[in-house]
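In full-length UniProt numbering, the protein residues as written are 1 to 591.
Below, the structure written as structure tokens:
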């Protein structure tokens, strides 16, 4: 055997006889007929089962695993001529012989255009019976390719599929979508809402809260109760001009902290009527939110770059402190819970002037009414009216236009003066001074007595507010008498107490005057020496509780009962009910 290996470069017309020697071109003028391929042999060898042969054209085959001799190109190269008379064609080939010690990589030589394989086409089957039978090309098993592989050397064009992420509007209009989010440029240009984004926008989303603080069904109950129930028991005015509805509530719609304060106040009052746990829980929620918002507002204002005490907070903050003070009344708290709120209101009113004049008139009257009343039941709480810290508004409305009684008409000035006298007498008694009522004190008392007896109200006579004004006048005189005169029964004190109870009898049970009856009723109760008077006092306490449902009424009546016990045992000490309240370890507002 020849010890060298040869690599052959095949070309059409290759002669197997030329196997050795140097490469040289051979020109043939004709080719013998190719041997006939055994169809059955090829089909059984390559294709196997006839049923798996596809009818698709050869161009659509997947020739990845097909041997070269069975490829479509090979089949074309070995296809027989259709006729012996076919014109002869020249073919060229070269044989490269290499030494046995080296491997030779076949080299494919370029052919001229005239010798291209593209010029060789399968011959048309001849109708001549003597012609060779057509050669059946073996076919690959399986389904043909949907997209045939490209021929070698050709540029493959990449077809881009249709985008599935474009907006539905562009797809429906058969326009190219740039997929800009949230709306493509085509939709923006034509003012068209993208259908895909439109569908997304229709997904249900939580709506914002209309008014901060009114968030649940219980909050709506609190709001309704505040408007139609609670507001009418806090001042004399029951119509739409009620300041809690006309001034504070509109202000609260613009200030979250104030709204929480009002809802806390309403929830406290409602919980006395409806002990449902949810009502109490929601009331505590509003209370803590009101305290937190109040603290945050004051802290933020005090940290400002141009901090000035007179511009510390806005009017709603002052209103919040007042509302939280009233909350202790609704809850019936007796441990001095009102003190920090009243002190904050006092500080704010002293250090700055409310911006809204109508609110200023209301808030000054409101504070002084509760501040002066507070001094009647405590040993250390003295009204700002005594020190002149809080000045009345420049424009003082007519007394009958006030929301309370005693402030704008001057009656509370006399109560503050009596409180000052009581402090002096108490100090002289504690110091062992005799007499407890000295000449200077007596002179001041006589002046106050003359002023009270000459005091006139501007309310229309024989109206509920007129009867209420007479009750306040009687109770102020009782307050003075119980301070100056010895603490024992007398015709004068019995007469004045009976007259005061007669004025109470003239008040309709649904009159707005009942909203501020507790303080004068308390003073009459602490001066009721006769059993029949005490029975009438108890009836009025029950009537007042039924009207307003304020829970500070019950502890006030307990104090009156304790004063009655002291009257019956150690009568000389019954005048100092402030000390009796302190000994009972109680501290609350009687407003």
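Cβ atoms here follow ideal geometry from the backbone N, Cα and C, with glycine treated the same way.
Among the options, which has the Cα closest to the Cα of residue i?
i           : options            : result
residue 572 : 166, 513, 484, 462 : 484
residue 290 : 474, 252, 432, 582 : 252
residue 367 : 377, 358, 356, 349 : 349
residue 356 : 250, 575, 217      : 250
residue 453 : 443, 472, 463, 441 : 472
residue 316 : 423, 232, 363      : 363
residue 475 : 426, 512, 528, 424 : 528
residue 245 : 344, 232, 204      : 232
residue 591 : 406, 210, 185, 489 : 406
residue 455 : 463, 477, 330      : 477
residue 397 : 409, 566, 510, 517 : 409
residue 548 : 510, 318, 177      : 510
residue 297 : 392, 314, 267, 335 : 314
residue 188 : 170, 204, 401, 205 : 170
residue 538 : 501, 574, 567      : 501
residue 271 : 327, 517, 444, 165 : 327
residue 489 : 337, 526, 360      : 526
residue 518 : 209, 240, 377      : 377
residue 174 : 181, 180, 166      : 166
If you follow the alpha helix (DSSP H) that residue i is part of, which residue opens it and which one closes it?
i           : result
residue 564 : 553-569
residue 514 : Segment: none, residue 514 is in no alpha helix (DSSP H) and carries neither H nor E.
residue 368 : 357-375
residue 598 : There is no way to answer for residue 598, as the model of the chain reaches only from 1 to 591.
residue 531 : 531-548
residue 211 : Neither: residue 211 is in no alpha helix (DSSP H) and is coded neither H nor E.
residue 498 : 491-505
residue 333 : First-last for residue 333: undefined, no H or E at that position.
residue 575 : It is not in any alpha helix (DSSP H) - residue 575 carries neither H nor E in the DSSP assignment.
residue 477 : 464-484
residue 447 : 439-453
residue 509 : Element bounds for residue 509: n/a, residue is neither H nor E.
Spatial neighbours of residue i within its chain, please: C-beta separation below 6 Å, excluding the five flanking residues on both sides.
i           : result
residue 381 : 374, 375
residue 243 : 362, 403
residue 115 : Bear in mind that a pLDDT of 44 at residue 115, under 50, signals an unreliable position, so the model cannot answer this.
Does the beta-carbon of residue i have 16 or more other beta-carbons within 10 angstroms, so that it is buried, or is it exposed?
i           : result
residue 578 : buried
residue 588 : buried
residue 340 : exposed
residue 269 : buried
residue 439 : exposed
residue 185 : exposed
residue 371 : buried
residue 282 : buried
residue 446 : exposed
residue 550 : buried
residue 228 : exposed
residue 422 : buried
residue 267 : buried
residue 585 : exposed
residue 459 : buried
Take residue i and list the residues in its own chain whose beta-carbon comes closer than 8 Å to its own, dropping the five residues that flank it on each side.
i           : result
residue 220 : 214
residue 413 : 385
residue 449 : 477, 480
Please go through the same chain and pick out, in chain order, the residues whose beta-carbon is closer than 7 Å to the beta-carbon of residue i, but skip the five residues on each side of it.
i           : result
residue 646 : Outside the shown range of the chain (1 to 591) lies residue 646, about which nothing can therefore be said.
residue 437 : 425, 484
residue 256 : 212, 213, 293
residue 218 : 278, 279, 282
residue 582 : 379
residue 592 : Here the chain covers residues 1 to 591 and nothing more, so residue 592 does not appear.
residue 508 : 464
residue 506 : 467
Got a sec: does the ligand ZN put a non-hydrogen atom nearer than 6 Å to the Cβ of residue i?
i           : result
residue 381 : With respect to the ligand ZN, the structure offers nothing, as it holds no ligand at all.
| field | Start-end ranges of the alpha helix (DSSP H) lying completely within the segment 232-318, minimum 4 residues | value | Taking only runs of at least 4 residues, the alpha helix (DSSP H) segments lying wholly in the segment 232-318 are 249-252, 256-273, 277-302.
- For the segment 383-411, which segments carrying the alpha helix (DSSP H) assignment without a break, of at least 4 residues, lie completely within its bounds, in sequence order? Qualifying alpha helix (DSSP H) stretches, in chain order: 384-387.
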